[in-house]
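Structure first, then comments.
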Amino acid sequence: MNARDEILGRLRRNARRDGAQEPAARLAAHPRGTVPARSALDHDGRVALFMAEAGRVDATVARLNGTAAIPAAVARYLEDAGLAPALRTAPHPLLAGLDWAGAGLDARPGASDGHDVAGLNVAIAGVAETGTLVLASGPETPTTLNFLPDADLVVLREADIVGAYEDVWDRLRAAGEDAGFMPRNINWVTGPSRTADIEQTLLLGAHGPRSLHILLVRDDG
Amino acid sequence: MESTTRAFNDNVRRAIGDAGLRRSLDKLGHGFPVKRRLAAERLPEFETLRDEARDIKNHVLANLDTYLAAFEAKVTETGGQVHWARDAAEARDIILAVCRDASARTVTKSKSMIGEELAINDHLEAHGIQPIETDLGEYIIQLRHEPPAHILAPAIHLSKEQVADTFRASHDGLPRDRDLEAPETLLKEARAILREKFLAADVGLTGANMLVAETGSIVLVTNEGNADLTQTLPRVQVVMASLEKVVPTLEDATTLLRVLARSATGQEQSVYTTFTTGPKRAEDPDGPDAFHVVLLDNGRSGMVGGDFQDMLRCIRCGACLNHCPVYATIGGHAYGWVYSGPMGKVLIPNLIGMETAKDLPNASSLCGRCEEVCPMRIPLPRMLRDWRRRQFAAGQTGIIARWALKSWAFWARRPGLYHFFADIKMRSLAAAAGRRGRFRSMVMAGGWTGSRDLPAPQGRTFQAQWDARGGKR
Chain Y
5 MNARDEILGR LRRNARRDGA QEPAARLAAH PRGTVPARSA LDHDGRVALF MAEAGRVDAT
65 VARLNGTAAI PAAVARYLED AGLAPALRTA PHPLLAGLDW AGAGLDARPG ASDGHDVAGL
125 NVAIAGVAET GTLVLASGPE TPTTLNFLPD ADLVVLREAD IVGAYEDVWD RLRAAGEDAG
185 FMPRNINWVT GPSRTADIEQ TLLLGAHGPR SLHILLVRDD G
Chain G
18 MESTTRAFND NVRRAIGDAG LRRSLDKLGH GFPVKRRLAA ERLPEFETLR DEARDIKNHV
78 LANLDTYLAA FEAKVTETGG QVHWARDAAE ARDIILAVCR DASARTVTKS KSMIGEELAI
138 NDHLEAHGIQ PIETDLGEYI IQLRHEPPAH ILAPAIHLSK EQVADTFRAS HDGLPRDRDL
198 EAPETLLKEA RAILREKFLA ADVGLTGANM LVAETGSIVL VTNEGNADLT QTLPRVQVVM
258 ASLEKVVPTL EDATTLLRVL ARSATGQEQS VYTTFTTGPK RAEDPDGPDA FHVVLLDNGR
318 SGMVGGDFQD MLRCIRCGAC LNHCPVYATI GGHAYGWVYS GPMGKVLIPN LIGMETAKDL
378 PNASSLCGRC EEVCPMRIPL PRMLRDWRRR QFAAGQTGII ARWALKSWAF WARRPGLYHF
438 FADIKMRSLA AAAGRRGRFR SMVMAGGWTG SRDLPAPQGR TFQAQWDARG GKR
């Protein structure tokens with residue numbers, strides 16, 4: 005017998021069925037567990053909670069009025085951090101028409117090759133519960149941008165801030181096709197990379213970014 | 018990996034004599050448990066979530082065959098491939114074959130307990146493929162050819178000076194007298210070296226914190242971001258996971274993620290939690306072309322439906338290690354195999370046999386802190402007692418312990434006789450101890466009095482006092 009049939013056969017024989025719920029029904033209904041009450045807030049409350057929680061995990065947040073303000077905000081951040089005015093940007097429509105040169109920036113769209121000092125990506129959502137960014141892989145949002153550059157900058161639209169993680173699953177299911185609504189990667193990012201592997205000393209910037217800066221953009225209307 | 022569990026007692030003696038290990042473990046005791054408590058206090062729903070997490074895994078274990086088949090179907094549908102392995106040898110062969118098909122020369126790897134179970138690094142190396150651990154702690158112990166000392170913090174037993182020595186000995190082409198004093202400097206050096214390895218690797222080998230049956234996704238949780246670089250940059254991704262990692266839906270995974278980081282490090286959420294589904298899509302600018310998942314049994318299907326099924330709820334958070342007085346005294350290496358702490362004491366005999374690991378279930382005072390903090394509410398003390406019972410039934414309990422238990426049983430069945438002699442014994446001990454009220458040394462109790470005094474009984478027995486106060490029996 006092949007390994008698959010042998011393993012599944014043994015599981016079938018040994019299983020103590022609970023009869024509580026049919027697996028097929030659970031998969032179809034995907035019921036929510038308890039969702040912490042702290043994120044059950046109105047829009048302004050969610051934005052405030054998101055900013056507070058992101059701050060707790062060493063991310064920084066800048067609030068902008070509209071996407072046109074992004075290049076200047078990026079330039080200011082890089083200058084304050086003592087970094088060169090250059091970055092790799094997501095080939096995302098939200099960033100396409102922006103005046104990078106006008107802000108003195110050398111912006112190159114595409115995936116990161118591992119030698120970019122700064123990268124700018126666009127999140128699909130922010131989760132207020134823990135100040136977590138949610139990013140999806142795709143042609144407009146390369147995953148390497150989230151991990152290779154030293155400074156990770158992420159654009160998040162205020163309207164995309166939800167209360168709980170489950171709200172993002174519902175949005176993905178609604179937007180996608182039945183079979184495969186998941187992209188290759190969904191990344192939850194809660195603060196910049198860190199490690200405590202040497203003498204339990206907390207250090208930022210392990211393999212991923214040393215800093216995480218969130219550009220929170222109010223709707224252009 | 019080869020186990021030294023048979024030599025547990027020698028391992029323990031060596032660990033207790035290691036002053037450096039003592040310092041690291043003391044620090045651990047003041048770190049993780051405090052952070053876990055603060056995180057739990059900050060979330061009013063924490064205890065409810067623990068109940069729900071337990072119930073999810075119980076439901077999965079009652080239907081493991083169905084959920085694994087559903088997971089496999091979804092992985093296939095999204096362009097990946099699932100391989101089934103009865104034991105470690107089969108899993109190693111599968112992984113080596115995938116690496117050879119990809120003409121792999123180097124493999125980056127993110128920390129995986131299943132990888133340790135397979136000793137996959139040694140296997141790849143023996144066949145001319147270079148494996149590179151990328152979790153900082155795991156990288157350090159790979160350079161030192163040591164097993165992990167803790168599920169979360171594999172290099173917890175080392176000082177920064179030891180890490181600096183290891184880097185000096187292993188990183189060729191850098192000035193010997195470079196400054197490696199600060200942890201920041203060590204991290205910077207490792208980051209630079211590993212960055213090039215990430216970019217050059219042909220295959221990325223990862224574990225999985227969970228498998229999601231609904232979507233065929235694997236879930237990876239790290240703070241460093243190393244698992245993401247491992248799964249994003251190479252041409253081929255291979256995932257190693259044991260059967261019980263599967264959960265039904267994204268919502269169920271989310272519930273477990275709400276208790277995982279809080280129990281492990283006291284974080285609200287780990288920095289990077291990634292849901293990976295299949296290989297890169299045609300239009301994606303990055304990600305691997307091929308996605309393989311190796312499902313490892315290695316004894317687990319035999320645990321389903323039995324006395325130790327509850328152990329399969331474990332999500333490897335490490336909370337039981339962090340709160341265990343035995344782990345805090347001997348560290349992880351003494352347990353002699355991949356796992357350690359209370360969860361190791363229950364799981365190891367299941368995976369490598371009770372005979373080899375017979376000392377582990379006995380190295381516990383059954384204080385119960387592990388069960389108190391386990392996010393999955395695994396009854397670890399109950400299962401340690403189950404192992405002891407089985408050992409006794411199988412005649413594996415030592416002669417002295419058997420004799421002691423027998424004599425205890427004799428007295429316990431004769432309460433009148435017991436109370437009579439207990440009363441005499443107490444008085445005579447109290448008299449012998451004199452005004453000091455304790456003994457410096459005592460025949461047949463050297464194990465106790467060798468390092469501390471033995472207090473003498475004072476007053477009367479509890480039951481005598483109970484009767485004197487008119488308490489009901």
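Residue numbers (my numbering), protein chains in the order written: chain Y, 5 to 225; chain G, 18 to 490.
Where a beta carbon is used, it is the ideal one built from N, C-alpha and C, also for glycine.
Source: prediction; values computed, not measured.
9 Å or more divides the Cβ of G:L250 from the Cβ of G:A230. At least one C-beta of chain G is nearer than 9 Å to the C-beta of Y:E170. Separation of G:H162 and Y:G70 (C-alpha to C-alpha, rounded to the nearest whole angstrom) is 54 Å. Within 10 angstroms of the beta-carbon of G:P432 lie fewer than 16 other beta-carbons, which makes it exposed.
In the three-state reduction of the DSSP assignment, G:K126 falls in the strand class, which pools E and B. Within chain Y, no C-beta atom comes nearer than 8 Å to that of G:T125; the closest sits roughly 10 Å away. G:E285 sits in coil when the DSSP states are folded into three classes, being neither helix nor strand. Near chain Y, meaning a CB-to-CB distance below 7 Å, the residues of the region 185-201 of chain G are P200 and E201. The region 295-313 of chain G and the region 342-350 of chain G do not touch, with fewer than three beta-carbon pairs separated by less than 8 Å.
Counting along the chain, G:S445 sits inside no beta strand (DSSP E); it lies in the alpha helix (DSSP H) bounded by residues P432 to A450. G:F25 has its alpha-carbon roughly 18 Å from the corresponding atom of G:H174. At a cut-off of 9 Å, the C-beta of Y:H47 has no neighbouring C-beta in chain G.
Between the alpha carbons of G:G97 and G:L153 lies a distance of about 29 Å.
In chain order, W101 make up the part of chain G whose C-beta sits under 7 Å from the C-beta of Y:R8. Note on the region 13-82 of chain Y: whole alpha helix (DSSP H) runs with a minimum of 4 residues are 27-33 and 47-60, in chain order.
A Cβ-Cβ distance of about 39 Å is found for the pair Y:P95 and G:L60, leaving them out of contact under the 8 Å criterion. Its chain contains G353, W354 and I369 as the residues whose beta carbon lies nearer than 6 Å to that of G:S20, once the 5 sequence neighbours on both sides are disregarded; these appear in chain order. In the three-state reduction of the DSSP assignment, G:Q413 falls in the coil class.
Put simply, the CB of G:A143 is far from chain Y, with every gap to its CB atoms at 9 Å or more. Counting along the chain, G:S259 sits inside the beta strand (DSSP E) bounded by residues V253 to S259. The Cβ neighbour count for Y:D171, taken over all protein chains shown within 10 Å, is at least 16; the residue is labelled buried. According to the DSSP assignment, G:Q159 belongs to the alpha helix (DSSP H) that extends over L153 to L160. A check of alpha carbon separations from G:R452 across G:I441, G:A473 and G:L434 identifies G:A473 as the nearest.
Interface flag for G:F292 against chain Y is set, since a Cβ pair is found closer than 9 Å.
Annotation for Y:G123: the continuous beta strand (DSSP E) segment containing it runs A122 to V126. Proximity to G:A307 across G:E150, G:F292 and G:V253 peaks at G:V253, based on C-alpha coordinates. In the structure shown, Y:E10 falls within a helical segment according to DSSP collapsed to helix, strand and coil. Secondary structure at G:A166: coil, using DSSP grouped into helix, strand and coil. R8, E10, I11, L12, R14, L15, R16, N18, A19, R20, R21, D22 and A24: these are the residues of the region 8-24 of chain Y whose beta carbon lies less than 7 Å from some beta carbon of chain G, given in chain order. For G:E150, the pairing in a beta bridge is given by DSSP as G:K126.
When only Cα atoms are considered, Y:M186 and Y:Q204 end up about 36 Å apart. For G:R298, the nearest beta carbon of chain Y is closer than 9 Å to its own beta carbon.
Positions of the beta strand (DSSP E) runs, each at least 3 residues long and wholly inside the region 100-148 of chain Y, are given as 110-113, 122-126, 129-131 and 136-140 in order along the chain. Counting C-beta atoms within 10 angstroms of its own C-beta, Y:N6 has fewer than 16 neighbours from the protein chains shown and is therefore classed as exposed. Between G:R161 and chain Y, the shortest Cβ-Cβ separation is not below 9 Å. Between G:E241 and Y:T199, the C-beta spacing is below 9 Å.
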